[in-house]
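Undergrad: Shown below is the structure under consideration.
Here you go:
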């Protein structure tokens, strides 16, 4: 029995492919020591985020690189450093924040090509390994600390860095928290819980604490959800590695569309862009490229199967 009608399949275009000159065949020593070799595409892209000029920033985790892609799909290496940049978000004042798995929360100076630590520890203890981040309208920054947590160690955390500088833990019992977004009202945090293959819902009380945390969407197959994006109607775009797809759910959690990558089965994150923010840009990490999917006309009609 089908719970929902089959989601409509959307095939995206290839917006930009990492030039061959930037693809690597070596592997960092720490990666080799962990039993991993060079990624198949010579990179592992993540963290898509647009600046005010329409440039798209993406990270390259294993090689400590951050790239800037122009609206004409031209690639520029912004920085290469000793780190593992994962999530990246740009504050409304132009500052660029990086969730680095190895070094904590960093600030990127794109003009100088340098990074500086912002927060490396909580209560004087190093993070497990940061993953992704999201800004609230008031400047509060939410970010996930994933590390190697999973069902065997459900101690992953979601943090909130207040605009005042105060760092708070809002959840500390999550098996592999990854991508996260806030709803439009900013009273719910949605978290992609990779090893539980689900999107969790974290309702926020007026004092900022979490109450009645639960499962919002349960997925299946392969690795669980990674990065996410949210639209103006609280529809969720959820990147699903190993499925090679991004799912689009409406505000009720009903599946509407499946955007299938034509390159590889490992898509990890996504961001809305374009002049009307109706185009979803998707990072295909194994393929070393960014895809672009023009979604159907927005509005409530988009959220109905009728």
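Numbering (the numbering used here), first residue to last: 29 to 334. Even for Gly, the Cβ is constructed at its ideal location relative to N, Cα and C. Here the structure is a predicted model, which means the values were calculated and not measured.
1. How far does the alpha helix (DSSP H) with residue 196 in it extend, from its first residue to its last?
2. Compute the Euclidean distance between the alpha carbons of residue 83 and residue 301, then round it to the nearest angstrom.
3. Under 8 Å Cβ to Cβ from residue 141, same chain only, skipping five residues before and after it: list those, please.
4. I need the straight-line Cα distance from residue 122 to residue 79, nearest angstrom please.
5. Could you check what DSSP says for residue 131 in three-state terms: helix, strand or coil?
6. Would you mind working out which of 163, 164, 124 sits nearest residue 145, comparing C-alpha positions?
7. Take residue 335 and list the residues in its own chain whose beta-carbon comes closer than 8 Å to its own, dropping the five residues that flank it on each side.
8. Quick check on residue 253: buried or exposed, where buried means 16 or more other Cβ atoms within 10 Å of its Cβ?
9. Could you name the residues of the same chain whose beta carbon sits closer than 8 Å to that of residue 270, not counting the 5 residues immediately before and after it, in chain order?
10. Name the residue from 76, 96, 104, 101 whose alpha carbon lies nearest to the alpha carbon of residue 127.
11. Out of 193, 115, 101, 236, which one is the CA nearest neighbour of residue 93?
12. Where does residue 336 fall in DSSP's three states?
TA: Reading from the atomic positions:
1. Unbroken run through residue 196 is the beta strand (DSSP E), 195-202; no alpha helix (DSSP H).
2. 10 Å
3. 106, 107
4. 8 Å
5. coil
6. 124
7. Here the chain has residues from 29 to 334 only, and residue 335 is not among them.
8. buried
9. 249, 250, 251, 293, 294
10. 76
11. 115
12. Residue 336 is absent from the structure shown; the chain starts at 29 and stops at 334.
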